[in-house]
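Numbering (our numbering), first residue to last: 12 to 148.
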């Protein structure tokens with residue numbers, strides 16, 4: 012996969028999400044910390060929307076494997092160049108989908124933490140790693 016320039020290296024930086032009553036000690040005021048404040052109901056609703064969006068993006072990633080897995084029909088220079096160009100374009104698309112899914116995972120995990128929802132995401136991380144490393148079919 013080709014690395015794209017201009018994108019932030021740390022999605023959301025140090026920003027967090029805050030829901031009333033989610034702070035240690037019961038305080039709903041995070042002090043000077045940067046972040047987003049939402050009601051518990053609004054955050055729960057948005058969390059569901061973001062999880063659905065991430066599922067759709069991950070499904071697109073699975074369905075798009077042929078876009079970066081094109082095998083040249085011949086060994087002549089034109090066929091090889093066209094297959095390489097098509098695979099390069101597909102790699103960029105894959106890169107965008109992986110970045111979108113990773114960014115959404117970051118937001119989702121921060122929202123879940125703010126809501127006090129703690130579940131393992133190892134399986135989700137393993138799926139993303141496997142999808143990112145898919146080669147020619």
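Even glycine gets a Cβ: it sits at the ideal position worked out from N, Cα and C.
- In this chain, the alpha helix (DSSP H) harbouring residue 69 covers 51 to 74.
- DSSP links residue 27 through a beta bridge to 46.
- The Cβ-Cβ distance between residue 72 and residue 108 falls below 8 Å.
- For residue 129, the secondary structure class from DSSP, reduced to helix, strand or coil, is coil.
- Distance between residue 76 and residue 64, taken at the CA atoms: about 19 Å.
- Shown here for residue 97: same chain residues with a beta carbon closer than 7 Å to its own, the five before and five after excluded, namely 81 in chain order.
- By the neighbour-count criterion, in which a residue is buried when 16 or more other Cβ atoms sit within 10 angstroms of its Cβ, residue 91 is exposed.
- Taking a C-beta distance under 8 Å as the contact criterion, residue 27 and residue 99 do not qualify as a contact pair.
- Listed in chain order, the non-local C-beta contacts of residue 93 below 8 Å within the same chain comprise 83, local neighbours out to five positions each way being set aside.
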